[in-house]
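Following this note's numbering, the numbering of the sequence shown begins with 645 at its first residue and continues without gaps.
The beta carbon of each residue, even a glycine, is placed where N, CA and C say it ideally should be.
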Amino acid sequence: MHDQIKKYFIRVLIVNFFSLFYLIDTTSFDYGFFSIQSIFYAINIYLLYFFIFFEGACSFLSVYGLDFNFYKLIINNLNNLNYEYITFIFYQNINFFYFIIFSSGLLFLLEKKKYNINFKKDTINSKKIISFIIIFVIFILTNFNPNLTHQQLYFKYKAVTNRWASDDLNFFYKYKAKYYSQFVKNNFFRNDNWYNTLKYSFYYSDSAPAGFRELSKFDKNINFKSFTKFGEVIQKKKYNNIFVIINESYPNFRSKKLKNSLIQKIKFNNDDVIVQNYKKKWNRKLTTQGAEMEFFCNKNVDFEKYIQTELKTFINENNCWINSVKDKNLVYIHSYRESFFNRTRFRSFFDKSYFKKDLDLLNFKNCDQKYSGTCDYEILNNMDKLISKEKDNFVIFLTVNNHIPLEPFYKNSYIDCKTNFPLNLSEQFCTIYNNQMFFNESISKFLSNMRKDDLLVLFSDTPPMFAGKRRVHFEDVIDIYFFSKK
């Protein structure tokens, strides 16, 4: 009985020890350090072997924001897999293989020796010492791998002990100090990555995550025939005023409850509104500039020329569809700096352009965060101050307030995040949802004041650019909503 207990605790210790070193940057370790599941599957050695391999595979999916629904999309056609890139990805994540090799290898060795390791002086020889040193050195070196787990261990240590340096306060995408606590709980217990992956796969069984996609080519075959050309949809009817909102990082959660609540907030008290919903793939290689470029032209154009050329020149040279609305008063509004991505070049095409410095002159409120700009709701609530004509306006409004990392701009929460998954996983998830609800409330008010012959287009931008492992909770496509009056 004593031997069985000893074996059990050694197994639990080994799997948690190597998990800490090789899986430190996975979702699982954002919430704790000691695996709850290991307490159970360590009872049986063969069960433990299985879950070591299963955890390694699921950690791979987890770090790229994927779940088992990803497999459903490719299982019927293995040619969809990008084998050349997968080879590179396996190398980049060799730490997962190290986890499997060291955990199962050490357990196999201990099982073979029946957990009887003798440390008495008379049993130690030079061969054993050399072997131990070699294995120890290899173990240390494996932490200096392409996935930089040695840096993640050091960062985790600084986070847990609150030993931040001054340069840790600057860059969000490495989870620096200010926003780190909004994503990471650092409890003692955690759920394994395989547990989380199964859980997310069950919750989101009817949708695909917006995680990493270069592992396969399957989405190249997805065609949304219902939305192919912006110009054709907009020009089906002779609209008076056309308002287009390109919504920075619209939180397209895979949770239908959250998604429906967002759109219902816009439709509230707008019973006379016709809503058309279209789907569209998003360009994974481009930022919001890609969304703008595709809106302006909606055909294959040279992105490098687009970001360098005056917009008027580019649109003329590429015969972009937006040229056909020259009969309208063209207005471009962006609540951030015009120098960002050199959007100064937009002034050449639009009749009137407003950026943060222009909006400051109108005494519009500013929303303070990492990407601080004019409050988006302030612009929408005062649109009449920005357009000089009552008719024939074509307005494009690019927002900024939902650009992560973000601060809350709402006064009261629209939902109890603690009791709603996945908002309870991260404070930033909670904030981006409530901020959008707050802005959608302004859209609703704006919509109620529109004329019958006006059109409002809500173009959800690319999914929020959280780290890949967090984008498992967001849809893989973007939504475009068209609102008009009956």
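query	result
Neighbour-count burial assignment, residue 790, 16 or more Cβ in a 10 Å radius	exposed
Inter-stretch contact (C-beta, 8 Å, three-pair minimum) for the region 1066-1077 and the region 1085-1096	no
Residues of its chain near residue 911, where Cβ-Cβ distance is below 6 Å and the 5 sequence neighbours each way are ignored	none
Cross-strand partners of residue 1011 (DSSP beta bridge)	1017
Bridge partners - residue 945, DSSP secondary structure assignment	In DSSP, residue 945 forms no bridge with anything.
For residue 711 and residue 696, the rounded distance between their alpha carbons	18 Å
Member of 744, 1007, 1002, 876 whose CA lies at the smallest distance from the CA of residue 940	876
Residue 1130 classed as buried or exposed, judged by whether at least 16 other C-beta atoms fall within 10 angstroms	exposed
Continuous alpha helix (DSSP H) stretch holding residue 806: start and end	That residue, residue 806, is in no alpha helix (DSSP H); it is neither H nor E in DSSP.
Buried versus exposed, by CB contacts within 10 Å (16 or more), residue 978	buried
For residue 1128, the residue or residues it bridges with in DSSP	918, 1099
Complete runs of the alpha helix (DSSP H) confined to the region 887-931 [at least 4 residues]	900-911
Whole-number beta carbon distance between residue 683 and residue 656, since they are thought to touch under 8 Å	7 Å
Outcome for residue 1018 when other beta-carbon atoms lying within 10 angstroms are tallied against a minimum of 16	buried
Residue 1040 versus 891, 688, 760, residue with shortest Cα-Cα distance	891
Same chain, Cβ closer than 6 Å to residue 739, neighbours up to 5 away in sequence not counted	666, 789, 791, 793
Proximity winner among 1123, 796, 647, relative to residue 935 (alpha-carbon distances)	1123
Extent of the continuous alpha helix (DSSP H) to which residue 690 belongs	689-707
Bridge partners - residue 973, DSSP secondary structure assignment	1037
Per-residue burial, residue 807 [other beta carbons within 10 Å of its own, 16 or more giving buried]	exposed
Reduced DSSP category for residue 1029 - H, G, I as helix; E, B as strand; rest coil	helix
According to DSSP, residues forming a beta bridge with residue 1123	923
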